[in-house]
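Down below is the structure, laid out as structure tokens.
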Amino acid sequence: MLMPASVDQTVEILREKLERSVLRPLKLAGRELLPIVQGGMGVGISAHRLAGSVASLGAVGTLSSVDLRRHHPDLMERTQHCHKGLNGEADKKAINDANLEAIDREIRAAREISQGRGLLAINVMRAVGEYAPSVVRALRSGIDAVVVGAGLPLDLPDLAKEHPKTALIPILSDARGVQLIVKKWERKQRRPDAIVIEHPRLAAGHLGAARVEDLNDPRFEFENVIPATREFLRTAGMDDVPVIAAGGIRTHEDIARLQSLGAAAVQLGTPFVATEECDAHPAFKKVLAEARDEDLVEFTSVAGLPARAVKTHWLKNYLNAEPKLQEIAHKKPRCVVTFDCLAQCGLRDGFKGWGQFCIDTQLAAAVRGDVMKGLFFRGVGQMPFGNRIVQVRELLEKLLTPVPVGAYARA
203 MLMPASVDQT VEILREKLER SVLRPLKLAG RELLPIVQGG MGVGISAHRL AGSVASLGAV
263 GTLSSVDLRR HHPDLMERTQ HCHKGLNGEA DKKAINDANL EAIDREIRAA REISQGRGLL
323 AINVMRAVGE YAPSVVRALR SGIDAVVVGA GLPLDLPDLA KEHPKTALIP ILSDARGVQL
383 IVKKWERKQR RPDAIVIEHP RLAAGHLGAA RVEDLNDPRF EFENVIPATR EFLRTAGMDD
443 VPVIAAGGIR THEDIARLQS LGAAAVQLGT PFVATEECDA HPAFKKVLAE ARDEDLVEFT
503 SVAGLPARAV KTHWLKNYLN AEPKLQEIAH KKPRCVVTFD CLAQCGLRDG FKGWGQFCID
563 TQLAAAVRGD VMKGLFFRGV GQMPFGNRIV QVRELLEKLL TPVPVGAYAR A
């Protein structure tokens with residue numbers, strides 16, 4: 203029986219594979235990395251085990267800031283009474299404080315795994331109510347990079363003013379958004395350290411389009427937005443800012459194609475769920491690994507953004523009931539679970555046309571492995587290993603290894 207390679211040996215193997223391939227390394231925050239970024243996935247899907255493991259092998263590992271207390275039994279015990287809302291603002295503060303403490307713990311735990319290799323990032327959704335406190339806590343805890351999507355992070359340079367060496371990375375979907383961010387940030391004497399271009403037609407979770415009907419807009423196609431972004435960055439004197447493509451990427455050939463368009467690296471979320479190191483419940487991994495593209499559905503999230511997920515039992519029932527729920531949508535006196543996780547919430551604020559469910563409740567059910575009640579976000583495309591659950595190193599090796607000529611024809 204072959205013994206597993208040490209981390210150092212695996213890092214060397216991956217570097218050699220990169221050198222032998224047509225792929226180029228990612229240069230970011232003064233480091234030379236594998237051109238692979240593991241996307242941030244909440245609630246608790248990408249926590250310290252996954253992010254630390256990916257970074258330990260020389261790539262970019264990403265924590266998701268949302269509701270990380272769920273990985274800490276003592277923090278859950280401390281806040282278990284708070285969801286009843288009997289103490290109003292005090293309960294909300296207790297939950298938020300627990301999540302901020304969890305961010306610090308998770309960053310330290312991921313750092314212990316990575317041992318200084320690769321790069322550790324945290325993804326913070328602009329749409330969450332605790333966006334600013336989460337960014338500030340992550341910065342103080344020594345995170346290497348802050349990635350922000352689900353809204354335009356125009357104020358991110360202000361929040362990171364005391365941390366000039368931390369990489370700031372916005373997630374956008376078209377060249378217009380890139381131009382807006384760059385121009386606004388320039389006035390604050392800061393520029394993006396990288397830019398993630400996420401394709402709404404292919405990605406998972408909350409998507410960078412105004413409406414579900416806009417997901418197929420040609421302006422989001424990689425062939426359009428990546429060259430346009432690179433040209434804008436060149437004219438702005440920022441040709442060294444890496445562009446990272448995200449959405450539906452599954453193979454070495456996908457990475458090579460996107461690098462040929464001008465991308466420096468790629469970001470993947472869904473394939474990293476189907477790894478042993480992923481922090482999600484095994485049932486969560488199974489749902490995503492076995493889902494096919496025809497099992498996915500797009501809908502409007504409670505955050506008012508288009509979203510893509512597996513059409514599981516709960517989601518089927520919700521979508522059937524959605525028209526009636528939106529008819530009776532009305533403003534509530536408070537968040538149904540006292541969490542107020544979103545700055546604007548379709549259920550709490552009574553926005554017609556927005557989702558009418560508690561997203562934290564459904565995502566928390568999913569991370570626990572509750573297939574009947576959970577909401578399971580997933581991106582388009584077949585998993586690299588089919589429905590198998592593999593180690594992170596196996597996924598990275600596969601992504602860095604060219605498929606022999608004729609292999610697809612033989613398959």
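Here my numbering runs 202 ahead of the position in the sequence shown, where the first position is 1. C-beta: ideal position from N, C-alpha, C; glycine also. The model shown is predicted, which means the values in this text are computed figures rather than measured ones.
Item	Value
Going by DSSP, what residue range makes up the beta strand (DSSP E) through Lys229?	Leu228 to Leu230
Taking all protein chains shown into account, decide if Met585 is buried (16 or more other Cβ within 10 angstroms of its Cβ) or exposed.	buried
Could you tell me the alpha carbon to alpha carbon distance between Ala545 and Val605, rounded to whole angstroms?	45 angstroms
Figure out for me which residue from Leu517, Leu252 and Phe501 has the closest Cα to the Cα of Val475.	Leu252
How many Å lie between Ala611 and Lys600 at the Cα?	With a pLDDT of 44 at Ala611, under the threshold of 50, the modelled position of this residue cannot be trusted; read the value that follows with caution. When rounded, the distance between both Cα atoms is 18 angstroms.
Are the CB atoms of Leu521 and Lys513 within a distance shorter than 9 angstroms?	yes
Ordered along the chain, which non-local residues of its own chain (more than five positions away) have a Cβ less than 8 angstroms from that of Val443?	Arg393, Pro394, Asp395, Ala396, Ile397 and Leu435
How about Thr502 and Gly576: do their beta carbons lie closer than 9 angstroms?	no
CA-CA distance, His483 and Ser248?	11 angstroms
State the start and end residues of the unbroken beta strand (DSSP E) segment that holds Val427.	Val427 -> not in any beta strand (DSSP E); alpha helix (DSSP H) instead, spanning Phe424 to Thr437.
So, with DSSP's three-state summary, where would you put Met278?	helix
To the nearest whole angstrom, what separates the beta carbons of Gln461 and Leu225, a pair I think is in contact under 8 angstroms?	6 angstroms
Whose CA, out of Thr472, Glu221 and His515, lies closest to the CA of Asp495?	Thr472
Using CA atoms only, rank isn't needed, just tell me which of Ile238, Glu433 and Pro525 is closest to Arg217.	Ile238
What number of angstroms, rounded off, separates the C-alpha of Ile451 from the C-alpha of Ala491?	15 angstroms
Are the CB atoms of Val262 and Ala323 nearer to each other than 9 angstroms?	yes
Using DSSP's beta-bridge definition, name the partner residues of Leu470.	Gln240
Please state whether the Cβ-Cβ distance between Val489 and Gln317 is less than 9 angstroms.	no
Within the chosen definition, does the segment 346-366 reach the segment 553-572 through at least 3 CB pairs nearer than 8 angstroms?	no
Contact defined as beta carbons within less than 8 angstroms: I believe Val427 pairs with Ile457. What is the distance between those atoms, to the nearest angstrom?	In fact, because the Cβ distance is near 17 angstroms, the residues do not count as touching under 8 angstroms.
Using a Cβ cut-off of 9 angstroms (strictly closer), state whether Arg436 contacts chain B.	This model lacks chain B altogether; it includes just one protein chain.
What's the gap between the Cα of Arg280 and the Cα of Leu302?	13 angstroms
On a CA-only basis, which of Gln528, Glu529 and Ala505 is nearest Gly331? Give me that one, please.	Ala505
For Thr477 and Lys487, I'd like the C-alpha separation in whole angstroms.	8 angstroms
Would you call Thr437 buried or exposed, if buried means 16 or more other Cβ atoms sit within 10 Å of its Cβ?	exposed
Identify the residues that DSSP records as bridge partners of Gly557: which are they?	None, per the DSSP bridge assignment.
Counting C-beta neighbours from all protein chains within 10 Å, is the total for Met574 16 or more, i.e. buried, or is it exposed?	exposed
Within the chosen definition, does the segment 265-279 reach the segment 293-307 through at least 3 CB pairs nearer than 8 angstroms?	yes
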